[in-house]
Structure formats: C-alpha cells, structure tokens
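One structure is given here, and the rest of the page talks about it.
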Amino acid sequence: MTREPSPPKLPRAPTTAPPKMPRQRTSHPLLDFYNPGINSTDENGCTLAEMMGWEDSLLERRQDYIRWLFPLPEESMLIHNTPAVNREVVDQFRNSDVLKHKMIMSFLKMINFYGFTISPYPEGDSAKDRKQKTRQYKIVNPPTTAGSSATQPFTLPPLPVMGYYVVRGPNWKTASRNWCTHIDHNHLRITRILRSLRIFGIQNQSEALYDALKRAYRDPKTKIGKNSMMFWRRAVRNELHIGPGGERIPWLKEEVERPPVAPAVGEGTGDATDETKDETKDKKEDNTDETKDETKDKKEDKKEEPEVEAEKADRQL
Numbered sequence: 001m002t003r004e005p006s007p008p009k010l011p012r013a014p015t016t017a018p019p020k021m022p023r024q025r026t027s028h029p030l031l032d033f034y035n036p037g038i039n040s041t042d043e044n045g046c047t048l049a050e051m052m053g054w055e056d057s058l059l060e061r062r063q064d065y066i067r068w069l070f071p072l073p074e075e076s077m078l079i080h081n082t083p084a085v086n087r088e089v090v091d092q093f094r095n096s097d098v099l100k101h102k103m104i105m106s107f108l109k110m111i112n113f114y115g116f117t118i119s120p121y122p123e124g125d126s127a128k129d130r131k132q133k134t135r136q137y138k139i140v141n142p143p144t145t146a147g148s149s150a151t152q153p154f155t156l157p158p159l160p161v162m163g164y165y166v167v168r169g170p171n172w173k174t175a176s177r178n179w180c181t182h183i184d185h186n187h188l189r190i191t192r193i194l195r196s197l198r199i200f201g202i203q204n205q206s207e208a209l210y211d212a213l214k215r216a217y218r219d220p221k222t223k224i225g226k227n228s229m230m231f232w233r234r235a236v237r238n239e240l241h242i243g244p245g246g247e248r249i250p251w252l253k254e255e256v257e258r259p260p261v262a263p264a265v266g267e268g269t270g271d272a273t274d275e276t277k278d279e280t281k282d283k284k285e286d287n288t289d290e291t292k293d294e295t296k297d298k299k300e301d302k303k304e305e306p307e308v309e310a311e312k313a314d315r316q317l
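Listed below in structure tokens is the structure:
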C-alpha cells in the first residue's frame with residue numbers, strides 16, 4: 001500500500017508588520033482594529049486576536065463581530081457603531097500585505113466554522129491525481145540553491161501549479177448542520193464575507209469560497225435556498241460598485257478602473273488565471289442550477305407552508 005504524498009505547503013504571508021506600517025492610531029477604527037501594531041478593539045472591547053480564539057459556539061451566538069472582520073461600504077449593512085468602509089480603508093488594505101494577511105486569517109477562521117478548509121487540490125481528487133499534481137508542482141517549482149543549474153533556462157514545457165481551493169473539512173458533517181438550511185442568518189454572513197474579500201483585493205479566497213458554496217448548494221443532502229445562492233452569486237459576480245442588494249457605491253467604480261493590484265502574499269494563483277476562461281462556463285452552470293433546483297425549492301416551500309399557517313394561527317390567538 002503506497003502512502004499518499006503530503007501536499008506542498010501553500011505560501012505563507014508575513015507575520016510581522018513592515019517598517020512602513022503605522023503604529024500610532026489612524027483616522028479610521030477599522031485600520032486600527034486590523035493593524036497588529038495597534039491591536040485596537042471593536043465597540044465591545046474585543047480585539048482581533050481575541051476573536052480568532054473564540055469557540056464555534058460563541059461565533060454562532062454573537063452577531064456583532066462579523067461586521068468588524070468583514071466590513072462593507074453599504075449603509076444598509078451598517079448596524080450600531082460599526083464604522084463604514086471608505087476609500088482610505090480600501091486603499092490601505094489593497095496596498096498592505098499585512099492587513100490582507102490578517103483578513104485572510106479571519107477568512108480561515110470563518111470557513112472552519114462552516115466546516116470548510118483550504119487545499120491545493122480540488123474537492124474529490126483521488127490519491128492518484130494528487131500524487132501526479134504534487135509531482136508536477138515540484139517540477140515547475142524546483143528547489144534552488146546558490147550555484148546550482150536552476151539558474152539556467154528551464155527547458156521542460158510549463159505545467160499547472162497548485163491551486164487554492166476551499167473544500168469540505170473534517171468537521172463538515174457537524175458544522176454544516178448549523179447553516180446548510182433553507183434560510184439561516186449565516187447566509188447573510190457568507191454574503192458579507194464574499195463581498196468584503198472582493199472589495200479589499202482578496203479575490204482568490206472569495207472565488208474559492210463561492211465555488212465551495214456552489215458545490216454545497218448542488219448537494220441533494222443540503223437544503224440551501226435559491227435566494228441565498230442568488231445573493232452569493234451577486235456578491236461575487238456583480239460589478240464591484242454594485243452590492244448584492246443593488247445598492248451602488250460610486251467611488252468603488254473608480255477603484256475598478258485602476259490597474260489590477262498584485263495578489264497578497266498567501267493567495268493562490270490558479271483560480272485567478274482560470275477566472276476569465278471559465279466565466280462563460282460559470283454563468284451557464286449558474287443558470288442550470290436555477291432551473292434544476294426550482295423543483296427542489298418548490299418542494300421545500302410546500303413543506304414550509306403548514307409551518308407558516310401554524311405561525312399565523314398562533315399570532316391570531
């Protein structure tokens with residue numbers, strides 16, 4: 001019996017702030033909250049580091065933290081004392097590997113809460129496929145040492161590098177029960193996460209999560225509603241200045257017209273390369289999902305009708 005090769009380690013982002021990272025408070029609370037040199041708190045006195053240590057039960061119960069981990073510019077999404085995202089915040093995040101790395105850590109925390117994990121392999125890859133891709137990865141990325149022949153031109157044809165995928169983790173069975181339902185407050189959180197990642201230039205993670213959500217939605221064992229999938233699609237596919245609910249942020253449109261920002265350290269490259277190639281395919285798949293799952297949603301709605309009638313009767317009493 002042959003052992004499955006261990007996957008190559010994904011690139012890691014820096015864990016310390018560069019010298020140019022300000023260590024005095026800025027004009028915006030979100031920057032102070034995410035800046036490891038300041039380590040500011042939210043309106044309840046919680047730091048980012050404390051939130052990263054919360055157990056799943058607390059992540060489920062608390063509702064305020066998600067607006068700090070994944071902020072948005074839409075006024076309709078602001079509640080209580082949550083600061084709004086402005087152009088300064090977006091510029092700072094997009095030009096700072098440290099800030100983006102911290103948000104990626106928040107992303108990893110939340111996908112683990114939902115039962116996902118990251119992998120260099122697509123979901124469902126066999127051990128044989130993984131072995132072959134690992135071998136290809138090592139050919140494309142040979143180890144280099146001073147004075148070696150690695151400095152000479154590489155003559156072999158280019159091969160695909162490892163990707164960045166969100167796949168089901170070991171805790172999927174238990175964690176998915178929390179949100180893989182027709183309607184759940186976590187669906188709004190997921191919409192927020194998808195859009196926030198895009199706004200701050202963390203596109204690959206947003207795309208990878210969206211692909212995982214599509215697979216979960218198509219799974220006959222789940223009961224995710226069509227409306228939730230529609231909002232997730234809008235969060236990823238709408239023009240950046242148009243929110244999932246249709247609200248427009250004019251200054252974000254100017255951000256789109258800028259030259260593309262270099263990917264943050266720790267981001268994969270496979271999904272970004274495939275994005276333009278698979279855009280037509282993705283739209284076809286989404287349209288197919290809508291028609292295929294229409295019957296599924298109708299059945300679920302019929303099941304919920306007695307519950308709705310019962311609620312109306314209770315209110316009348």
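Numbering (full-length UniProt numbering), first residue to last: 1 to 317.
A virtual CB, placed ideally from N, CA and C, is assigned to each residue, including glycine.
If you compare the alpha carbons of Tyr210, Gly169, Cys180 and Arg234 with that of Pro220, the shortest gap goes to Cys180.
Counting the other CB atoms within 10 Å of its CB gives Ala235 a total of 16 or more, which places it among the buried residues. Where Val167 is concerned, the enclosing beta strand (DSSP E) starts and stops at Tyr165 to Arg168.
Annotated three-state conformation of Arg248 is strand, per DSSP.
Taking a C-beta distance under 8 Å as the contact criterion, Leu30 and Val90 do not qualify as a contact pair. Here the region 164-171 lies against the region 196-213, with 3 or more beta-carbon pairs under 8 Å apart. Here Met52 is exposed: its Cβ has fewer than 16 other Cβ atoms, across all protein chains shown, within 10 Å. Beta-bridge analysis with DSSP links Ser228 to no other residue. Secondary structure at Thr41: strand, using DSSP grouped into helix, strand and coil. The closest CA to that of His185, considering only Arg62, Tyr34 and Glu88, is found on Arg62. As far as DSSP is concerned, Phe200 takes part in no beta bridge.
Ranked by how close their Cα comes to the Cα of Ala212, the residues Leu69, Glu75, Pro122 and Cys46 have Pro122 in first place. Annotated as distal: Ser27 and Phe33, with beta-carbon spacing of 8 Å or more.
When secondary structure is reduced to three states using DSSP, Ser119 falls in the strand class.
In this structure, the alpha-carbon of Arg218 lies about 15 Å from that of Gly124. Beta-bridge partners assigned by DSSP to Thr191: none are found.
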